[in-house]
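Student:
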Amino acid sequence: MTGSSASNLTMARALNAGLRRALEADPKVVLAGEDIGKLGGVFRVTEGLQKDFGEHRVIDSPLAESGIIGTAVGMALRGYRPVCEIQFDGFVFPAFDQIVSQVAKFHYRSAGRLAMPIVIRIPSGGGIGAVEHHSESPETYFAHTPGLKVVACSNPVDAYWMIQQAVASDDPVIFFEPKRRYHDKAELDTSVPPMPLHSARVTRPGSDLSLLCYGPMVKTCLDAATAAADEGRSLEVIDLRTLSPIDTATVVTSVRKTGHAVVVHEAPISLGLGSELAARITEQCFYSLEAPVLRVGGFDIPYPPSRIEDEYLPDLDRVLDAVDRSLAY
Amino acid sequence: MTGSSASNLTMARALNAGLRRALEADPKVVLAGEDIGKLGGVFRVTEGLQKDFGEHRVIDSPLAESGIIGTAVGMALRGYRPVCEIQFDGFVFPAFDQIVSQVAKFHYRSAGRLAMPIVIRIPSGGGIGAVEHHSESPETYFAHTPGLKVVACSNPVDAYWMIQQAVASDDPVIFFEPKRRYHDKAELDTSVPPMPLHSARVTRPGSDLSLLCYGPMVKTCLDAATAAADEGRSLEVIDLRTLSPIDTATVVTSVRKTGHAVVVHEAPISLGLGSELAARITEQCFYSLEAPVLRVGGFDIPYPPSRIEDEYLPDLDRVLDAVDRSLAY
Amino acid sequence: MSYGDPELVQLLSPEGVRVDHPDYAFTGDDEQIQGFYRDMVLTRRLDTEATALQRQGQLGLWASCLGQEAAQIGSGRALNGQDVVFPTYREHGVAWCLGVDPLQLLGLFRGVDLGGWDPLSTRFHLYTIVIGAQALHATGYAMGIERDGLVGTGDAKRDAAVIGYFGDGATSQGDVNEAFIFASSYNAPIVFFCQNNQWAISEPIERQSRIPLYRRADGFGFPGVRVDGNDVLAVHAVTSQALERARSGNGPTFIEAYTYRMGAHTTSDDPTKYRLADELEHWRLKDPIARVRAHLTRSGGIEDDFFASVETEADDLAATIRSGCLALVDPSMVEMFDQVYVDQTPHLSEQQRWYADYSASFESDSDETARSAVETPGRQG
Amino acid sequence: MSYGDPELVQLLSPEGVRVDHPDYAFTGDDEQIQGFYRDMVLTRRLDTEATALQRQGQLGLWASCLGQEAAQIGSGRALNGQDVVFPTYREHGVAWCLGVDPLQLLGLFRGVDLGGWDPLSTRFHLYTIVIGAQALHATGYAMGIERDGLVGTGDAKRDAAVIGYFGDGATSQGDVNEAFIFASSYNAPIVFFCQNNQWAISEPIERQSRIPLYRRADGFGFPGVRVDGNDVLAVHAVTSQALERARSGNGPTFIEAYTYRMGAHTTSDDPTKYRLADELEHWRLKDPIARVRAHLTRSGGIEDDFFASVETEADDLAATIRSGCLALVDPSMVEMFDQVYVDQTPHLSEQQRWYADYSASFESDSDETARSAVETPGRQG
Ligand SMILES: Cc1ncc(C[n+]2csc(CCOP(=O)(O)OP(=O)(O)O)c2C)c(N)n1
Ligand SMILES: Cc1ncc(C[n+]2csc(CCOP(=O)(O)OP(=O)(O)O)c2C)c(N)n1
Ligand SMILES: [Mg+2]
Ligand SMILES: [Mg+2]
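Those protein sequence lines, which keep their order, are chains A, B, C and D.
Everything in the first sequence is counted per the working numbering, starting at 25 for the first residue and increasing by one.
Everything in the second sequence is counted per the working numbering, starting at 25 for the first residue and increasing by one.
Everything in the third sequence is counted per the working numbering, starting at 2 for the first residue and increasing by one.
Everything in the fourth sequence is counted per the working numbering, starting at 2 for the first residue and increasing by one.
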C-alpha cells in the first residue's frame, strides 16, 4: 500500500486498507462498533484489523449504539480519534441524541477549545434485498445538523482516500458507505493524490444537463448518462461526495453551463438533499435555469419490502424520465 | 368550553382547554410525560388535568424520553391514544429511534392493520433566553420522515383546535408549540368551526410577495407585512400550519399570484422547511416566479448563547431584507 | 456457568431424567409433554426448511432458532388466551404456539411484506428488528392492560399479561433498561423473557455482562430467575409462574433462559470466524428435543407410532412450506402508498398516481420499454 | 429511607458527632475538615448570590445546589491531580474544588457562552444539560485512561480515574444504564456519583426506582454504596475509596449520595406545586454545613476567628460575583460562526460574511436603521 503500487480492490477492501493506513499513521486512532473485531464487521470492512492492532484499538462494543457514540465522545475528549461503525443505517437512530446534541456541538459549546475528531461510518442505502431497517438513507438528518460534516463515497478509490481524510479531520464526519457497492471493484493507484475531502467531482463532463448524485446513485447516473449519450444527449454527472458542506461552487458552475439539473438520491424526496440543492441552485442560477431542478428520489413512504425495492429506488429509467422532463421544458 | 362561549386565552391555556376536551371526549386518551402531573408541565400546559382525570390518564413518566414514546407505542397497540409531552425540543432526540423507526412505521409495517394514534407535543423554538438544548427547531427531522404527520400552531385559537384534531388523528402527529408564544392571548369563540388540520391559512392576503411561515415566525411575518404596508408593499402571509404533509396547493396558488416567495423559519436554513418549499414552488411555479424563493432562517450553526439569540433568529428586519432582495430581482 | 448450577432451574436433565426443584414444578401430564415434543419438532422442521429455502435463494435471509426450541415452546405454551407476545425476529416457536401461519413468517424474510400476520387476532405482535425496541412496546402494552383493569381481578378468563422477548445482546440497549424502569415503576403485568443464547452475532455474552444476566433484574427491583433454556418443562414452569405473578398484579419478572444458538446468527453469518466447534459439540449434548424424547421413551405410556406420526406431520409441514413459499405473492408497489397513513395525504396520492402512470407506461407502450432493461437486464423482474 | 439506616454510610451525625463505620473512615485531620467547611460555605454563598442575580434579571436561569454542598465538596475534594470530572449542570461545589472560576459558571446561566472554562486545564468538563449524556462521556474518557496505561501502575502520580455526576432522575435514562454496561464490560476506572436529591423536578425518586438506587449497580456487576450525602466526611471517605478502586484497576463503583434538593429545581421552578413544606423542614435539620460547624465548635482547636474569616471571605466572593457578573461580556454573533468547525467551511464563511455585512449596515448607515427598532423596541439590545 505504499509508493505507486496499484491494485484492483473492492470498495470493502479499499475501506479496509484505508482504515489500516489510518491505524498505522496515528496511534490515537481507535475503531469501535458491534462485531468489528473477530468477525471483521458484517461487511468485513474491518477484517483482520483487530488481529493486527489489538483489542485496545479495534473495540468490539456491547450492543448499544448510544453507548458506542457516547463513549467515543469521551475517548475523543481524552485525545483519541474514534472511528465508529454503525452496523446498518437503520441502527444509527438510538445514537441520534449523542450525535446531534453532543458530537455535533462539542466544539461550539466549548467555544472552540475541544475538538471532536470522530468518524461515524454508516453502511447505507438499499438494493441488497435486506429486511427492514437495513436499507435506509438517513443523510438528511445529519446534513441538516450544524456541526457535523457528512460525506458519501461512491467507488473504491474514493473510499480508500476519503476514509483516511475523514479520520484525519478534526471535525466529526458522518461517513456513508453505499452498501450495495461494497463489492464493486476498481484499480487503486496510490501514487495518484486524492482530491480534498469536501469537494465534488465532475465524474463525467457534459453540456446538456447536470446530473447531481452521490453514493450508490453515482453508478446509476453514470449508466444513465451512457444511455442518454446514445440518444445524443450530453449529461454532466457530478458526484457530490460531500453532503455537508455541499460543494456548491462546483454544482453552480455546472448548472450555469447546462441550464438543467436533476438531483438523484435514494432517500425520500421531501427534504432530501435534492430539496437543498434545488433551493441553492435556484438562488444562484436563477437566470441560467431553463427548467426547475427536478428531483428523483425514494418516494415519501417507508422503505418497502425487498421484493419490490427496485421499484422504489431510483433507477436508470426514472433518471432518464426526469432528464426527458427537464429537457422538454 | 361548550356552545358559543368566547374567552380570552393564552396559547398555554388554549392547549390546556383543548387537551381537557380531548380527555373528556374519549376515555382512551391518555397524557404522558415528565412533570405533566402535579406540576402541570414546566409550561403549565397540562395544569389541573391529573387532578381531574387521575394518574391513570395523566401519567408522570420516569425521566426517559425513549421510554415515554416506546411505552406510548405499546399503549397505542392496546387501543389507547397517547399524547406525549417532550419537555423541550432538544430532549426529543433520545426518543428519536422510537419515533422514526417505530411510531412512523407501524401502520405501514403491519400492512395497514395497526394504527398509531400518538401525538407528540414539543414546545419548540427560541426567544425565551433559555440555556442550551431549550431553543431548538427540529421540524425537518420529522417532516423528512415518511409515516409521521407534523403540524405547528401559531396562535391560541389554532392551538385549541389543532391539538384536538391531532388527538383525533389516527396517524401519529408531531405537534410543535412555539414556546415563546405560549403567553400570547387571543379571543377564542368555540362556535366558529376550525379549519381542517392539514391546511395552510392565508392569514393576511397580499399581492406583491408570499411570506411563508409557521409557528413562532407567523407573528414576526405579520409584523413584517404591517411594516411593509407602510412602505406600500402588499405581502401575503401564509401560516403553513401543517409541515407534513405541506399544503402545497395553497402555497402554489399564492406564489402563482405574487411571483415572489420568501420562507421564514427559525431552524437552520440548510435542509430547513424552506428548502423543500423552494424546491416545490420552483417545480410548480417555474414560469410565474420573478425571483428565486428566498429563505430566512437560523444560520447553519448550533443555537447560540441566549444573550445573542435575537441576532441568530430571523426578525422583522431580516424578513424585510429578504423581501427587498426578492422584489429587487 | 455450568449445568448443575444451583442458580439454574432445571426439571429435566439433558439425559431426560426428571429432577426436582424447591421452587418450581411442572404440573402437566405426559400428554402435555408429548405436545411440547411435537411443537419443538415442528418448529425445528420449519426452521430447517426455511434455512434450506434461503440457501436456494427463495428467502433473502433467515434467522434460525435451532437449539432454542425449548425456550420458545416452554414459554409460548405457558401463555393463556388473553396474554400477548412481543417478539424479536427469532421467535418462530412462539409464533407457532400462537397459531401464526409459518408461511407468514417466511413472507417477511422473503421480502413480500414486513409482517403478514394479524397481531391483534394472533396476540403475537410484529417481529422487531431494531434490537430492544419491543421491550418498551411490551411494557406500554402491559401498562394498558393494567389501565384496563385486567390485572388481579382473580378471574382467570380476564386477567392478562404480556411477555416480551429479547436476546442477551439486547440487554445492553438503553431501551431494554428503560423498559425495566417503566415496568417496575408502574408495576406492569409483564414477563421479560431473555433468551441468552450466549452470542449476539459475534459478541459473546461476556461483552454485555460480567455477571449472570438474570441478576440484572435485582438492580431494578423485581425478581430475576435463570432457567435451563433447553429444558422445556423448566421453562414452562418458570414462565407460568412469572405470568401468573404478572396477571395477579405482582408486577414484572425477568427470566433468563440459558440456551445456545446452535446455528449461525442468520443465514448471512459465518460463526466459524468467531467461535469454536467445541462449544457447539458441548451444547449438542444438551439438545432440547432429544431430552424430551429420551424422557418420553423411558417413561413409556405413549402410543407406539407417536414419534413416527410427528415425523410425518413434520414432513407435511415441510412440503407445505416449500410449495407455499414459492407461491407467496409479491406486493404491489402502487398499493404501498396506501399503507403509510390511515388518512392518505394529497401529496402521497399524487406520488402514487405519478408512479402508477409511470409504471403503466412501460406495460402499455411497447415502443417505450424500460431503458434499464437494456442496461441492467433482470433487475426489473 | 430514614437516617440510622444500616445501608447508609455515615461518619458525622446531623448533630455533628463523629460516628464509626465498619468499612469506611475519614482519615483526614481537623484542618482538612475546616477546609471542607470553608468550601461548603463559599459554595453556598456563590449559590445564594447567583440565585439573587437571577431574581434581579442578571441571569436567565440558575440551578441551585443548596443542600447538596457536602455531596459535592466531599467528592470533589477526594479527587487527585489526574482525576477528571464530568458534571451535570448543578455541580457548582465540585467546580469550586477544581478551581473553576465561579464567574464562568455564571456566564453559562447568563447566556454569554455555553461553558466558558477550559475543561482540559481544570479537568472539569462542560456542564451537560441533556440528562445522562455525560455518563457515557465519562465512561469513554475512563476507557481512554485505561488505554493510556494509567490504571493500576501503582504510581499515585500517574494513576487516574473519572468521576461522572448525575441525579436520581438521570438513572432512568438509557444512556446512564448503557454507561454502566460499558464501564462494567471494559472495567473502566470510573466512579458514578449519583446525587439522589429525592426529586427530578417534580418527580419523586419513587417514580424512577422502587428500591434504593445504589442497588442498581448490583444488576450490572459492580459495587453500589449509599452514603449520607449531607455528611461531608462520609462522602469524602466513600468517594476516596471508590476512586482508589478505579485507579488501581478494580473498575467502576456506583455511589448514591443520599441528599435533598433544598431549593427549587431551578429558578424557573415552583416546588410548592408538588412537595410539602414538612419535607423541607425535616431535611433542614440535616444541613451539611451546620453539622460540620457543630463538630468543629465542639472539637475545639480552631482559630478563634475561623468562622468569622470564612464569612468575610464569603462576603468578598459575593461582591466579586456581583460585580463580575454585570461585567460579563456578550459574545459576538459574527464570531460564533468560527466555532462550529475546526476547519471552517466555505458555506459558513459565506453566511458569516453576509451576517457581518448585514449587521454592519445598521451601524454604518444612520438613515437605514433597523426597522425592527420601530416595531419591537428593545429586542435588538
Ligand atoms: C439497534 C440495532 N443494532 C444492531 C442491530 C444488528 N443486529 C441484529 S441482531 C444483533 C445481535 C442480537 O443479539 P441478541 O440480542 O443476543 O439476540 P440473538 O440474535 O442472539 O437472538 C445485531 C447486533 C440491530 N438489529 N438493531
Ligand atoms: C434528556 C432530557 N430530558 C429532560 C430534561 C429536562 N430536565 C432538566 S433537569 C430534569 C430533572 C433531572 O433530575 P435529576 O436527574 O434528579 O437531577 P437534579 O436536577 O435533581 O439534580 C429534567 C427532566 C433534560 N434536561 N434532558
Ligand atoms: Mg443472543
Ligand atoms: Mg434529583
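Backbone N, C-alpha and C fix where the C-beta goes; we use that ideal spot for every residue, glycine too.
All of these numbers come straight from a predicted model, not from anything done at the bench.
On the three-state DSSP scale, how would you describe E257/C?
Tutor: Strand.
Student: Apart from the five residues on each side of it in sequence, which residues of its chain come closer than 7 Å, Cβ to Cβ, to Q353/C?
Tutor: V335, F338
Student: Helix, strand or coil for W118/C? Go by DSSP, reduced to three states.
Tutor: coil
Student: Measuring CB atoms only, is the segment 215–235 of chain A touching the segment 273–289 of chain A, in the sense that at least three cross pairs come out at less than 8 Å?
Tutor: yes
Student: Could you check whether the Cβ of L87/B sits closer than 7 Å to any heavy atom belonging to ligand 2?
Tutor: Yes.
Student: Using only alpha-carbon positions, find the residue among G61/B, E48/B, L43/B that is nearest to V107/B.
Tutor: L43/B
Student: With a cut-off of 8 Å, does the C-beta of G72/A fall near any C-beta of chain C?
Tutor: no
Student: Find the residues of chain A that neighbour D114/C, judging by a C-beta separation of less than 8 Å, and give them in chain order.
Tutor: P329
Student: Just the residues with CB closer than 7 Å to a heavy atom of ligand 4, in chain order, which are they?
Tutor: G168/D, D169/D, G170/D, Q196/D, N197/D, N198/D, Q199/D, W200/D, A201/D, R262/D
Student: At 7 Å on the CB atoms, spell out the chain D contacts of L12/A, in chain order.
Tutor: Only positions 25 to 353 of chain A appear in this structure, which leaves residue 12/A out of reach.
Student: Starting from M337/D, find everything on chain B with Cβ-Cβ shorter than 7 Å and list it in chain order.
Tutor: Counting only Cβ-Cβ distances below 7 Å, M337/D has contacts in chain B at I325, P328, in chain order.
Student: Say yes only if the C-beta of T274/A is nearer than 7 Å to one or more non-hydrogen atoms of ligand 1, and no if none qualify.
Tutor: Not so, every heavy atom of ligand 1 lies at least 7 Å from the Cβ.
Student: Check whether the Cβ atoms of I396/D and S173/C sit closer than 8 Å, and answer yes or no.
Tutor: There is simply no residue 396/D to check, as chain D begins at 2 and stops at 382 in what is shown.
Student: If we call anything under 8 Å between Cβ atoms a contact, is Y25/C one with P88/C?
Tutor: Between Y25/C and P88/C, the C-beta spacing is not below 8 Å.
Student: Please report whether the beta-carbon of D121/A lies at a distance below 8 Å from any beta-carbon of chain B.
Tutor: yes
Student: Could you tell me whether any Cβ in chain D is nearer than 8 Å to the Cβ of Y132/A?
Tutor: yes
Student: Answer with yes or no whether the minimum CB distance from F115/A to chain C is below 8 Å.
Tutor: yes
Student: Rounded to whole angstroms, what is the Cα-Cα separation between C326/D and F166/A?
Tutor: 37 Å
Student: How about N198/C and K287/C: do their beta carbons lie closer than 8 Å?
Tutor: no
Student: Can you name the residues that DSSP bridges to Q196/C?
Tutor: As DSSP reads the structure, Q196/C sits in a beta bridge with G168/C, A258/C.
Student: Q135/C to G165/C, Cα distance in whole Å?
Tutor: 7 Å
Student: Within 7 Å: the Cβ of F115/B and any heavy atom of ligand 2?
Tutor: yes
Student: My parser needs the beta strand (DSSP E) runs of 3 or more residues fully inside the segment 92–144 of chain A; what are they?
Tutor: 105–109
Student: How would you write the range of the alpha helix (DSSP H) that C245/B sits in, first residue to last?
Tutor: 241–254
Student: Beta carbon of V320/A, beta carbon of T306/A: below 8 Å?
Tutor: no
Student: Does DSSP classify A265/C as helix, strand or coil?
Tutor: Residue state, collapsed to three classes: coil.
Student: What residues in the segment 194–214 of chain C have a beta carbon less than 8 Å from any beta carbon of chain A?
Tutor: So the close ones are A201, I202, S203, E204, R208, Q209.
Student: Any C-beta of chain C sitting closer than 8 Å to the C-beta of A251/B?
Tutor: No, because no Cβ of chain C sits closer than 8 Å to the Cβ of A251/B.
Student: For the 8 Å Cβ check, are there 3 or more pairs between the segment 265–273 of chain D and the segment 55–64 of chain D?
Tutor: Under the Cβ criterion (8 Å, minimum of three pairs), the segment 265–273 of chain D counts as touching the segment 55–64 of chain D.
Student: Tell me whether E207/D sits in a helix, a strand or coil according to DSSP, three-state version.
Tutor: In the three-state reduction of the DSSP assignment, E207/D falls in the helix class.
Student: Does the Cβ of D348/B have 16 or more other Cβ atoms within 10 Å, making it buried, or fewer, making it exposed?
Tutor: exposed
Student: Could you list the residues in the segment 299–311 of chain B with a C-beta less than 7 Å from some C-beta on chain A, going in chain order?
Tutor: S299, E300, A302, A303, T306, E307, F310
Student: Thinking just about the alpha-carbon of each residue, which of A162/C, G170/C, D31/C is nearest to the one in V85/C?
Tutor: Considering only alpha carbons, the answer is A162/C.
Student: Taking 8 Å as the threshold (beta carbon to beta carbon), is K52/A in contact with chain B?
Tutor: no
Student: Hey, does S173/D have any beta-carbon neighbour from chain C nearer than 8 Å?
Tutor: yes
Student: Rounded to the nearest angstrom, what separates N32/B and P218/B at their Cα positions?
Tutor: Going from the Cα of N32/B to the Cα of P218/B covers about 17 Å.
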